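Beneath this line is the structure, given in structure tokens, with notes to follow.
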Amino acid sequence: MIIVTTETIPGKEIKELKGFVRGNSVQSKHIGKDIVAGLRTIVGGEVSEYTDMMTESRQKAIGRMVEHAKKKGANAIIGVRLETSAIMANASEILAYGTAVYVE
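Heads up: the sequence shown begins at 124 in the working numbering, then just goes up one per residue.
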């Protein structure tokens, strides 16, 4: 599956638009990681516990978007975007979306 943020893929011709595709992942905080992260904010630096959590969540959202595109018969996704939102005090959502296409 080719995944790009652009509206075209260099060297490929879009033969068919398959439509909008999306995938999402909602991740809640882990109390143990919250404690470690809280301590890290006191001394400064990257909060790697949350970086890792959000990286995993992004990968899940993109994977689900790819599965959605495959079900539509696509072999590429153009115009891919990622969005993040807090949906409650201790949880956030990653949304991946784009346009599924068939390219040659």
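Quick reminder that beta carbons are idealized off the backbone N, C-alpha and C, glycines included. All of these numbers come straight from a predicted model, not from anything done at the bench.
Proximity to residue i [Cα-Cα], best of the options
i, options, result
"Arg-204", "Ile-132, Ile-125, Arg-145, Thr-131", "Arg-145"
"Glu-172", "Leu-218, Glu-136, Lys-152", "Lys-152"
"Val-226", "Thr-128, Met-177, Ala-184, Glu-136", "Glu-136"
Residue i classed as buried or exposed, judged by whether at least 16 other C-beta atoms fall within 10 angstroms
i, result
"Gly-221", "buried"
"Ile-200", "buried"
"Met-188", "buried"
"Ser-148", "buried"
"Ala-212", "exposed"
"Ile-261", "Nothing in the structure corresponds to residue 261, since the chain is present only between 124 and 227."
Assigned secondary structure, residue i (DSSP; H/G/I helix, E/B strand, else coil)
i, result
"Thr-174", "helix"
"Ile-126", "strand"
"Ile-185", "helix"
"Glu-169", "coil"
"Lys-193", "helix"
Range covered by the beta strand (DSSP E) that runs through residue i
i, result
"Thr-207", "199–211"
"Glu-139", "137–151"
"Val-226", "214–226"
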